[in-house]
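If you're matching positions, the sequence shown starts at 499 in the working numbering and goes up one per residue. Glycine included, every Cβ here is placed at the ideal spot set by N, Cα and C. Bear in mind the structure is a predicted one, so any value in this text is a computation, not a measurement. Read the structure below first, then the notes.
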Amino acid sequence: MQSKKDLRIIKTQKELFNSLERLLKSKAFEDIKVSDICNEALINRSTFYDHYEDKYELLVDFINSKKELIMEELKANTNLLNTKAYYMEMIKILLIQLDNQKDLYISILKYNKNSIVMDILIDVVTKDVENRIENDINNSIPSEIITKFYIGAVANIGMEYLKNNTKYTREEMFKYINSLVPDNIELLS
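Here's what the structure looks like:
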């Protein structure tokens, strides 16, 4: 019986996420009501409140699920030949992930003048970079300086790609970044 309950919880959560995602594509989060989410998900308000205290808790869970997807992809980045190869692979992974859900991220940027997308990008890049350099005792530069330097570049590139989604292709962005990052940086090796 427990596994059935778990499956129902998973199914309801998935439908709430999908409903929130559809709503975020057409309006600002602050304009979305719990009743809108329930109507879109075809569930009762009481069911919503069985899972979440309010729409903000749902949003946090939704954002965390998006972060987890990107972080799983970033963990697959085993290109540690040198720092440039690592960062180029990271940027490639992020641009592909942004492309995969471009309509959602662009809508969030359009309708939600807050920093949801930037928070997602900064958080996943921060965790990945920190994980990669935390055990590197050879660095003469403090790890938080290295992390902030690369986070700013990667997050802003991702935002530029989304904001000007027809101006540059993913391949063009990757080529430009590849030209900007020097070949001789060896901070992670």
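Mind checking whether Ile606 and Ile614 have CB atoms under 8 Å apart?
The sequence position of residue 606 within the sequence shown is 108, counting from 1. The sequence position of residue 614 within the sequence shown is 116, counting from 1. The answer is yes: Cβ separation under 8 Å.
Can you round the beta-carbon distance between Gly656 and Leu596 to whole angstroms, since I take them to be within the 8 Å contact cut?
Position 158 of the sequence shown holds residue 656. Position 98 of the sequence shown holds residue 596. Yes, Gly656 and Leu596 are in contact; Cβ-Cβ is about 6 Å, under 8 Å.
Note down the Cα distance separating Phe527 from Thr581, rounded to an integer number of angstroms.
The sequence position of residue 527 within the sequence shown is 29, counting from 1. The sequence position of residue 581 within the sequence shown is 83, counting from 1. If I take the Cα positions, the gap works out to 38 Å.
Decide if the stretch 511-523 is in contact with the stretch 544-558; the criterion is three or more beta carbon pairs, one per stretch, under 8 Å apart.
Three or more Cβ pairs closer than 8 Å define a contact, and the stretch 511-523 meets that threshold against the stretch 544-558.
Got a sec, what are the start and stop residues for the alpha helix (DSSP H) Asn562 sits in?
Taking the first residue of the sequence shown as 1, we reach residue 562 at position 64. Start and end: Lys553 to Lys573.
Looking at Ile649: is its Cβ nearer than 8 Å to the Cβ of Val623?
If you number the sequence shown from 1, residue 649 lands on position 151. If you number the sequence shown from 1, residue 623 lands on position 125. Contact: yes.
Reducing DSSP to helix, strand and coil, say where Gln511 ends up.
Here residue 511 corresponds to residue number 13 of the sequence shown, with the count starting at 1. Correct three-state label for Gln511: helix.
For Ile530 and Arg630, I'd like the C-alpha separation in whole angstroms.
Here residue 530 refers to the residue found at position 32 of the sequence shown. Here residue 630 refers to the residue found at position 132 of the sequence shown. So the alpha carbons of these two residues sit roughly 38 Å apart.
Going straight from the alpha carbon of Lys600 to that of Thr664, what length do you get?
Numbered from 1 along the sequence shown, position 102 holds the residue referred to as residue 600. Numbered from 1 along the sequence shown, position 166 holds the residue referred to as residue 664. Rounded to whole angstroms, Lys600 to Thr664 spans 11 Å at the Cα level.
Within 10 angstroms of the Cβ of Ile591, are there 16 or more other Cβ atoms? Answer buried if so, exposed if not.
Residue numbering aside, residue 591 sits at position 93 when the sequence shown is read from its first letter. Buried.
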